[in-house]
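The C-terminal position of the first sequence is numbered 1005 in my numbering, with every residue numbered one higher than the one before it.
Ideal Cβ positions, reconstructed from N, Cα and C, are used throughout, including at glycine.
This structure is a prediction, so every number in the text was calculated from the model and none was measured.
In what follows, a single structure is set out as structure tokens and then discussed.
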Amino acid sequence: MIDLRLLREDPDRVRASQRARGEDVALVDALLSADERRRSSGMRFDELRNEQKSLGKLIPKASPEERAELLTKAEQLKADVKAAEAEQNEADEAAKQLLLQLGNIVHSDVPVGGEEDFTVLETHGTIRDFGAEGFEPKDHLELGESLGAIDVERGAKVSGSRFYYLTGVGALLELALVNAAIAQATEAGFIPMLTPALVRPRAMEGTGFLGQAAENVYHLEKDDYYLVGTSEVPLAAYHMDEIIDADKLPLRYAGFSPCFRREAGTYGKDTRGIFRVHQFDKVEMFSYVAPEEAEAEHKRLLEWEKQWLTSLELPFQVIDVATGDLGASASRKFDCEAWIPTQGKYRELTSASNCDGFQARRLSIRYRDGKKTQPLSTLNGTLCAVPRTIVAILENHQQADGSVRVPPVLRPYLGGREVLEPIAK
RNA sequence: GGAGGCGUCGCCUAGUCCGGUCUAUGGCGCCGCACUGCUAAUGCGGUUUGGGGCUUACCCCCCAUCGAGGGUUCAAAUCCCUCCGCCUCCGCCA
581 MIDLRLLRED
591 PDRVRASQRA
601 RGEDVALVDA
611 LLSADERRRS
621 SGMRFDELRN
631 EQKSLGKLIP
641 KASPEERAEL
651 LTKAEQLKAD
661 VKAAEAEQNE
671 ADEAAKQLLL
681 QLGNIVHSDV
691 PVGGEEDFTV
701 LETHGTIRDF
711 GAEGFEPKDH
721 LELGESLGAI
731 DVERGAKVSG
741 SRFYYLTGVG
751 ALLELALVNA
761 AIAQATEAGF
771 IPMLTPALVR
781 PRAMEGTGFL
791 GQAAENVYHL
801 EKDDYYLVGT
811 SEVPLAAYHM
821 DEIIDADKLP
831 LRYAGFSPCF
841 RREAGTYGKD
851 TRGIFRVHQF
861 DKVEMFSYVA
871 PEEAEAEHKR
881 LLEWEKQWLT
891 SLELPFQVID
901 VATGDLGASA
911 SRKFDCEAWI
921 PTQGKYRELT
931 SASNCDGFQA
941 RRLSIRYRDG
951 KKTQPLSTLN
961 GTLCAVPRTI
971 VAILENHQQA
981 DGSVRVPPVL
991 RPYLGGREVL
1001 EPIAK
């Protein structure tokens, strides 16, 4: 959630942010009046309660006849206090509900617009010219099947569309990627974490995934658990309700977990292969930092992502995601998009978001610097989303004979293997 | 799944049986001040969190907060109910 003080002091800024996201600006005014009601009903309750307390102190000391009178008065007060409390609770709840609907304030440098209105910040690596090399590139599924690495047919048989098996070298490739990614993150000072994949509603809500993103979240109704779409959720909720000493910051975690996404509203999109699937594994970086460090940390996360993609020898570009495509929690988001030869375009492989205090406020995570206690900033960035990385590696490193060159960074984790060869059918 | 125990303002802890004197005790840690060649020790004061009022700010004041939420009562850390978490034992299990 955003800072209510900011809303009171500079409502126009909040309105502008809401407009840039393409969301309803009327929500801001509804929230302002709800906040006012919350405040006045709170004051009324405090007053009555104060009166009740002072009256209550007199009763044990009163003489019998005074006592009877006081009790009558107290009884009346009791009803008033109860009514005022109900009013206060209702006003609090109403304000909270509105507040939870409001997305984070967008950073002023973010390009305004929808999915297609991003700004390209950088491009890295060289796109291969397969024409000059004299062969037509195969797509990742064709390659994956001939390598005995990917089986989507049986994935569909067992679990339905958008499910897959990684088999043989495919399975080994995932393990290699995960190990290499965790090694890079650990080297950079991240604490490796294996996290729960099922979380309570509070964790899901606190990270901002139950707003407009809710339709993409799996929910186990019988137990009221949510399946996480990213380990960002358990990593953010890890320090929920805690106050962290300033000298402990920054805290950096590298989470590894399965990720589950319903992919509602993507019918017919990326249906071939394993680019868009319901379940995949991912190594995610997560940082807790002091607010004044957030922007610098955001750039650092991006640098680590670039280091990773560069080490895999993939050509990619970095984009500044537009306001309409940010998601509720982020004030700014940088995506790294790798070149996919058979699609002839760059596709998202990693995503680094600066959430400022948005998640920290919802999850009640603060830090103490001297006397001050205030929400800290949380940031997250993908290091390796496995299936998409496999797609990019297979397609970009394929050779004319249908084999795939293994980038050196992965070789130690693949028993020194330099090439993945097609297997006989 | 069954039985029992526990949850107090950083940590430990008193208080809960028997409701009001709890404005929650004491210790540790931490912060400030005093004293002191330095350090240590000692003394004094402070030290939950959230909301609100007053303020440039500080200070100060009010309300809530004893795992969470309800209930009983004029009044709840204390009595009742539900839930959550942790621990012990039993059962089952990768």
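Review point. Between which two residues does the beta strand (DSSP E) harbouring G835 extend?
Key: G835 -> beta strand (DSSP E) spans L831 to F840.
Review point. By Cβ distance, which residues of its chain are closer than 8 Å to Q1016, with the 5 residues on each side in sequence left out?
Key: Beyond the ends of the chain as shown, which are 581 and 1005, falls residue 1016; an answer cannot be given.
Check your understanding: Relative to the C-alpha of F914, which residue among D590, T953 and S933 is closest?
Key -> Distances from the CA of F914 to each of D590, T953 and S933 were compared; the closest alpha carbon is that of S933.
Point to revise | Cutoff 6 Å; reference E928; Cβ partners in own chain excluding five residues on either side | key: Taken in chain order, the residues that qualify are D915 and E917.
Check your understanding: Mind pulling the alpha helix (DSSP H) runs of 4 or more residues that sit fully within the stretch 859-929?
Key -> Look at the stretch 859-929 and you find these whole runs of alpha helix (DSSP H), each 4 residues long or longer: 874-891.
Exercise for review: Give the DSSP bridge partners of A940, in chain order.
Suggested key: The partner list for A940 (beta bridge, DSSP) is empty, contrary to what the question assumes.
Check your understanding: Counting only runs that start and end within the stretch 787-826, where is the alpha helix (DSSP H) found for 4 or more residues in a row?
Key -> Restricting attention to alpha helix (DSSP H) runs no shorter than 4 residues, the stretch 787-826 encloses them at 812-817, ordered along the chain.
Review point. Does the Cβ-Cβ distance between H878 and R842 come in under 8 Å?
Key: The answer is no: Cβ separation not under 8 Å.
Check your understanding: How far does the alpha helix (DSSP H) with Q668 in it reach, from first residue to last?
Key -> Looking at the DSSP string, the run of the alpha helix (DSSP H) that includes Q668 is P644 to Q681.
Check your understanding: Taking C-beta to C-beta, are L920 and A972 nearer than 8 Å?
Key -> Leu is not the amino acid found at residue 920; the sequence shown has Ile there. Yes. Within cutoff.
Practice item. Check whether the stretch 699-706 touches the stretch 583-602, taking contact to mean three or more Cβ pairs, one atom from each stretch, closer than 8 Å. Key: Cβ pair count under 8 Å is below three, so no.
Exercise for review: Select from G853, G848, Q979 and I685 the residue whose C-alpha is nearest the C-alpha of G714.
Suggested key: Across the set G853, G848, Q979 and I685, the C-alpha of Q979 shows the shortest separation from the C-alpha of G714.
Practice item. Measure the alpha-carbon distance for A874 versus E725 and round it to whole angstroms. Key: Taking the straight line joining both Cα atoms gives about 43 Å.
Practice item. Please classify Q979: does DSSP put it in a helix, a strand, or coil? Key: It is coil, neither helix nor strand.
Review point. Can you check whether the CB of V869 is closer than 8 Å to the CB of P814?
Key: No, these two residues do not count as a Cβ contact at 8 Å.
Exercise for review: Could you please give me the residues that DSSP links to R985 through a beta bridge?
Suggested key: Partner(s): V999.
**Study point:** Per DSSP, the bridge partner or partners of L778
**Key:** In DSSP, L778 forms a bridge with L807.
Exercise for review: Could you spell out the range, first to last residue, of the alpha helix (DSSP H) harbouring R946?
Suggested key: Here R946 belongs to no alpha helix (DSSP H); instead the beta strand (DSSP E) covers R946 to D949.
**Study point:** H704 - containing beta strand (DSSP E), residue span
**Key:** That run of the beta strand (DSSP E) goes T699 to H704.
Exercise for review: Using the DSSP secondary-structure output, state which residues sit across from G961 in a beta bridge.
Suggested key: In the DSSP output, where bridge partners are listed per residue, G961 has M865 and A932.
Review point. Tell me, which residues are paired with T953 by DSSP?
Key: Paired residues: R948.
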